[in-house]
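Trainee: Per the UniProt record's numbering, the very first residue in the sequence shown carries number 1; after that it's consecutive.
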Amino acid sequence: MIVPGMPENEPERLKSLYDSHLFHTPIEQGFERITRLTKKIFDVPIVAISLIDKETQWFKSVIGLDANSTPRDISFCGHTILKDDVLVVDDAQLDPRFSDNPLVTESPSIRFYAGCPIHTVNEHRIGALCIIDTRPRQISSHDKIILKDIASLVDTEIRNHQHIHPPEKKLHELNAEKRKELLDPLTRLWNKTGITQVIEYQRKLSKFNKSEFGIIQLSVDSLQAFVTEYGHEAGNDLLKAITQTLINSCGCEDSIGYWGGKEFVIVLPCEEQPDVLAVANRIRKNIASEQHLTRVGRVRTTATIGVVFFNPKIHLNTVNLLTEAAHALQEGKLQGGNKIIIK
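1. Which residue marks the beginning of the alpha helix (DSSP H) containing G30, and which one marks its end?
2. Per DSSP, what kind of secondary structure is T105 in: helix, strand or coil?
3. Please work out which residues of its chain come closer than 8 Å, Cβ to Cβ, to Q291, disregarding the five sequence neighbours upstream and downstream, and give them in chain order.
4. Looking only at its chain, what residues have a beta carbon closer than 7 Å to the beta carbon of R111, apart from the 5 residues adjacent to it on each side?
5. I242: which of K262, I341, L87 and T318 sits nearest, CA to CA?
6. Can you tell me where the alpha helix (DSSP H) holding H327 begins and where it ends?
7. Closest to I146 by C-alpha separation, out of G115, H119 and N122, would be which residue?
8. Count the other CB atoms, across all protein chains shown, that sit within 10 Å of the CB of C252; report buried if there are 16 or more and exposed otherwise.
9. By Cβ distance, which residues of its chain are closer than 7 Å to N122, with the 5 residues on each side in sequence left out?
10. Tell me the DSSP bridge mates of E263?
11. Quick one: residues in its chain with C-beta nearer than 6 Å to the C-beta of V47, no 5 flanking neighbours on either side, listed in chain order?
12. Does the distance from the CB of T187 to the CB of K148 come in under 8 Å?
13. Assuming S255 and E168 are in contact, meaning their beta carbons sit under 8 Å apart, how far apart are those beta carbons, in whole angstroms?
14. Below 8 Å between beta carbons: does that hold for Y201 and K178?
15. Nearest to N286 by CA position, among T245, H142 and N311, is which residue?
16. From the DSSP output, read off the bridge partner residues of L268.
17. Got a sec: does the ligand GTP put a non-hydrogen atom nearer than 7 Å to the Cβ of V89?
18. Are F213 and L268 closer than 8 Å when you measure CB to CB?
19. Is A151 near I118, with beta carbons less than 8 Å apart?
20. When the Cβ atoms of the region 265 to 281 are set against those of the region 329 to 336, are three or more pairs found closer than 8 Å?
21. Looking at the unbroken beta strand (DSSP E) that takes in K60, where does it start and where does it end?
22. Under 8 Å, do E271 and S211 count as touching if we go by C-beta distance?
23. Drop a sphere of 10 angstroms on the beta-carbon of residue 417, count the other beta-carbons inside from all chains shown, and report buried for 16 or more, exposed for fewer.
24. Using 8 Å as the cut-off, can you tell me whether the region 225 to 240 makes contact with the region 12 to 26, which would need three or more C-beta pairs spanning the two stretches below that distance?
25. Rounded to a whole number of angstroms, what is the C-alpha to C-alpha distance between V296 and A234?
26. Mind checking whether L218 and A303 have CB atoms under 8 Å apart?
27. Are the Cβ atoms of R33 and I126 separated by less than 8 Å?
28. Along the alpha helix (DSSP H) that carries residue 347, what are the first and last residues, could you check?
29. Which stretch, first to last residue, makes up the alpha helix (DSSP H) that contains A151?
30. Consult DSSP for I287 and reduce its assignment to one of helix, strand or coil.
31. Please work out which residues of its chain come closer than 8 Å, Cβ to Cβ, to H327, disregarding the five sequence neighbours upstream and downstream, and give them in chain order.
Here's what the structure looks like:
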């Protein structure tokens, strides 16, 4: 195995990566759409948008892998960022750079790889968009052009990332290690501490602006019974599938957190209550209508939702707000679930 070398501008490249505030951030709708599109176009089992820091390859978005990161020294994308061109490996078992790489000899058993660098605003190569297969294959020069075109969409998302909503921006501006502590490793959303901080920032902003915002607290109705019957790993699959439904149902400015157990919390910075209720209804309908993919097959489930609207005269702190949301959720559960209760 050949360990990837270091770019000549490595110090500047790393600074550019950290200045982007992308490393160790929650999954986002724009990046998730790109990986789904790439998977569909190239018909591969694994697609990733990777970011390469000093020692780690971390996946901003990934399909087909359970891992959130790998060591940089075994990463294929570590080689990709050395040149501003598509790197193609038709069969990793026949390539001396990768033949004894643990990503080849062990799970996920990479055979084919193609990756295109992705860039910050100042054109530093901070990672790659890559497609991976567990069998050898080749791609045409036209396919390489398409992969480059899609990678340019990732570049656009990276540029747009600086325009995230102010409450989340506060967390994104923390250093990467502090952000990592605020992420849930399973769902790749904000964890309970992280989303609580988002709510606190949003509460202060709305109080200053004399505006409202909405909080959704959601519970997956049948999760506990599903786990009892099929086990925790299948339950984790369902939670990850629900996460994707939430990402697709919410807007770019909405913040989603995994509260723990079978619950999620969503912050909606809408000033109009009908807009918040429209999102809540869309989430409930989408969860109920979709067949969620798990290791035991596709399953259906429903969700109960509690909604509360921030009022600066009533909600003097974040605890008041979350307590009211929890009461709304509990009322929905007592009514049999698959309900939206508004406080």
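A virtual CB, placed ideally from N, CA and C, is assigned to each residue, including glycine. Keep in mind it's a predicted model, so treat the numbers as computed, not measured.
Mentor: So, from the data block:
1. Position 30 of the sequence shown holds residue 30. Residues Q29 to F42.
2. Mapped onto the sequence shown, residue 105 falls at position 105. Note: T105 maps to helix in three-state DSSP.
3. Counting from 1 along the sequence shown, the entry for residue 291 is found at position 291. Once the five neighbours on either side are set aside, the close Cβ partners of Q291 are R298, V299 and R300.
4. Working through the sequence shown from its first residue, we reach residue 111 at position 111. Excluding residues within five positions, the ones whose Cβ falls inside 7 Å are D91, A92, Q93, D133, T134, R135 and P136.
5. Residue 242 sits at position 242 when you count from the first residue of the sequence shown. Selected option, being the one with the closest Cα: K262.
6. Position 327 of the sequence shown, counted from the start, is the residue given in the question as residue 327. First-last of the alpha helix (DSSP H) with H327: T318 to L334.
7. Against the sequence shown, residue 146 aligns to sequence position 146. Checked all of G115, H119 and N122; the closest Cα to I146 is G115.
8. One-based indexing of the sequence shown puts residue 252 at position 252. With fewer than 16 Cβ atoms within 10 Å of its Cβ, C252 is classed as exposed.
9. Translated into the one-based positions of the sequence shown, residue 122 becomes position 122. Excluding positions up to five away in sequence, the list reads S16.
10. Reading the sequence shown from its first residue, position 263 is the one you call residue 263. According to DSSP, which records beta bridges pairwise, E263 is partnered with S219 and G260.
11. Locating residue 47 in the sequence shown gives position 47, where the first residue counts as 1. Cβ neighbours of V47 beyond the five flanking positions: T35, T38, K39, I63 and I131.
12. Along the sequence shown, one-based indexing puts residue 187 at 187. Along the sequence shown, one-based indexing puts residue 148 at 148. Going by C-beta atoms, T187 is not nearer than 8 Å to K148.
13. Position 255 of the sequence shown, counting from 1, holds the residue named residue 255. Position 168 of the sequence shown, counting from 1, holds the residue named residue 168. In this structure S255 touches E168 by the C-beta definition: roughly 5 Å separates them, less than 8 Å.
14. The count along the sequence shown starts at 1 and reaches residue 201 at position 201. The count along the sequence shown starts at 1 and reaches residue 178 at position 178. No.
15. Counted from its first residue, the sequence shown places residue 286 at position 286. With respect to the C-alpha of N286, the residue from T245, H142 and N311 having the closest C-alpha is T245.
16. Residue mapping note: residue 268 aligns to position 268 of the sequence shown, counting from 1. Answer by DSSP bridge pairing, in chain order: G214.
17. This structure lacks the ligand GTP; in fact it carries no ligand of any kind.
18. If you number the sequence shown from 1, residue 213 lands on position 213. If you number the sequence shown from 1, residue 268 lands on position 268. Contact flag set, yes.
19. Working through the sequence shown from its first residue, we reach residue 151 at position 151. Working through the sequence shown from its first residue, we reach residue 118 at position 118. Going by C-beta atoms, A151 is nearer than 8 Å to I118.
20. no
21. The residue given as residue 60 occupies position 60 in the sequence shown. Here the beta strand (DSSP E) through K60 covers T56 to I63.
22. Against the sequence shown, residue 271 aligns to sequence position 271. Against the sequence shown, residue 211 aligns to sequence position 211. Taking 8 Å as the Cβ cut-off, E271 and S211 qualify as a contacting pair.
23. Nothing can be reported for residue 417: it is not among the residues displayed for the chain, which extend from 1 to 343.
24. Taking one beta carbon from each stretch, the region 225 to 240 and the region 12 to 26 have fewer than 3 pairs nearer than 8 Å; the two do not touch.
25. Working through the sequence shown from its first residue, we reach residue 296 at position 296. Working through the sequence shown from its first residue, we reach residue 234 at position 234. Going from the Cα of V296 to the Cα of A234 covers about 7 Å.
26. Numbered from its first residue, the sequence shown carries residue 218 at position 218. Numbered from its first residue, the sequence shown carries residue 303 at position 303. Yes, they are a contact pair.
27. On the sequence shown, residue 33 is found 33 positions in, with the first residue counted as 1. On the sequence shown, residue 126 is found 126 positions in, with the first residue counted as 1. Not closer than 8 Å, so no.
28. Look at the range of the chain in this structure, 1 to 343, and you will see that residue 347 is not part of it.
29. By 1-based counting over the sequence shown, the position of residue 151 is 151. A151 -> alpha helix (DSSP H) spans S141 to N160.
30. Position 287 of the sequence shown, counting from 1, holds the residue named residue 287. In this structure, I287 counts as helix in the three-state DSSP scheme.
31. The residue given as residue 327 occupies position 327 in the sequence shown. Cβ neighbours of H327 beyond the five flanking positions: G306 and K343.
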